[in-house]
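*Asks:* First the structure, which I've put down as structure tokens, then a few questions once you've had a look.
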Amino acid sequence: MEEQLWIIYALGSALGLASADALTKRYFVGLPPYGMILVRLLFAVPFLGIGWLCISIPPLGRTFFYAVAAALPLEIVAQLLYMRALQVSPISLCTPMLAFTPVLLILTGQVLLGESLNIWGIGGIGLVAAGSYILNLDRRRYGWLAPLTALWQASGPRLMLLVAAIFACTSALGKLAVLNSAPTFFGLFYPCVFTGVMLSGYPWSRSRPGKLLWARPGWGLLLGFCAAASILCHMHGIQLAPAAYLIALKRTSLVISVLYGGLWLKESHLAARLPGSLLMAAGVILIAWKGS
30 MEEQLWIIYA LGSALGLASA DALTKRYFVG LPPYGMILVR LLFAVPFLGI GWLCISIPPL
90 GRTFFYAVAA ALPLEIVAQL LYMRALQVSP ISLCTPMLAF TPVLLILTGQ VLLGESLNIW
150 GIGGIGLVAA GSYILNLDRR RYGWLAPLTA LWQASGPRLM LLVAAIFACT SALGKLAVLN
210 SAPTFFGLFY PCVFTGVMLS GYPWSRSRPG KLLWARPGWG LLLGFCAAAS ILCHMHGIQL
270 APAAYLIALK RTSLVISVLY GGLWLKESHL AARLPGSLLM AAGVILIAWK GS
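Each residue of the sequence shown is one higher than the one before, starting from 30 at the first, in our numbering.
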């Protein structure tokens, strides 16, 4: 049972992430994207403080700080686009686009690094593509390619595709930082530093949410708990299983987000988006477990 505990942590991380997105969409979408980010971070930091009691600080070299410094500007852009996508698009349509991050990673490795792509990797990419087609199956009446072109024509999915591309870069930088520190340390250090960076820009922000950040403290605490739980589960799970396996299973958050969208937020087209997201999540898992 203990050997499979990482599965519980991975699914817990997925549930926490999807719940945080759904709560953000339901209760804080009226804030500007900058404010939406601050709500998630500020309410999560107290819970993350618990994690600091359980870890020690490993030796840190220059490479670690270079990787973090390179990742932070990209993370800021990605999170602003992420929140904007949640504002303008159904959560059940935009969040599945994050399945393209591992696709972009594997294709980049194929083109730039000459890494091999086996039949399983090709199959995983095919599942992600098929799932993205099914997400917009209602557009099929406008032509065979309409479900795919709709992903770029609609602002929410288009923004989230850009987020997926940026996450492909930050994932590589994050891996470099982890290799020069420790997974558990980086899992806590990075979001706390990111919180500090975002707060430092508040005096110069044109959209200062101010008191609106604390307008719904109960839902904010629940949002912070879910976001922190996702990070802490990830932090513990990555000690028990290969990172690729954990992150792949964590992508079941795409399916959970679609369920939240259809059942709680009352978004339409659940019958198409649920199987589409299942295919995309299956493609991610196949790429991670068999694709290289």
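Just so you know, even glycine gets a beta-carbon here, dropped at the ideal spot from N, CA and C.
Quick caveat, the model's predicted, so the values are computed rather than measured.
For a quick check, are the C-beta atoms of G160 and S306 less than 8 Å apart?
*Replies:* Contact flag set, yes.
*Asks:* Out of curiosity, what's the CA-to-CA distance linking P119 and P125?
*Replies:* If I take the Cα positions, the gap works out to 11 Å.
*Asks:* With C-beta atoms as the reference, is L242 less than 8 Å away from L70?
*Replies:* Cβ distance not < 8 Å, so L242 and L70 don't count as in contact.
*Asks:* In the DSSP assignment, find the unbroken alpha helix (DSSP H) run with M325 in it and report its ends.
*Replies:* The question about residue 325 has no answer, for the chain in this structure spans 30 to 321.
*Asks:* Which residue wins for smallest C-alpha separation from V58, given the options L217, F218, A310 and L115?
*Replies:* For the residues L217, F218, A310 and L115, the minimum Cα distance to V58 belongs to L115.
*Asks:* Let me know the alpha helix (DSSP H) ranges lying completely inside the segment 260-310, each 4 residues or longer, listed in chain order.
*Replies:* Here the runs fully enclosed are 272-279 and 282-288.
*Asks:* Around the Cβ of L141, are there at least 16 other Cβ atoms within 10 angstroms (buried) or fewer (exposed)?
*Replies:* At L141 the pLDDT is 49, less than 50, meaning the model places this residue with poor confidence; the figure from the coordinates comes in the next sentence. With fewer than 16 other Cβ atoms within 10 Å, it is exposed.
*Asks:* Relative to the C-alpha of L89, which residue among D50, C198, A51 and P212 is closest?
*Replies:* L89 has its Cα closest to that of P212, out of D50, C198, A51 and P212.
*Asks:* Take every Cβ of the segment 287-306, pair it with every Cβ of the segment 248-265, and state whether three or more of those distances are shorter than 8 Å.
*Replies:* As far as the Cβ criterion goes, the segment 287-306 does not touch the segment 248-265, which means the pair count is below three.
*Asks:* Taking only the alpha-carbon atoms, compute the straight-line gap between M309 and V157 and give it to the nearest angstrom.
*Replies:* Approximately 4 Å, taken between the alpha carbons.
*Asks:* Roughly how many whole angstroms lie between the Cα atoms of G41 and L315?
*Replies:* Straight-line Cα distance between these residues: approximately 20 Å.
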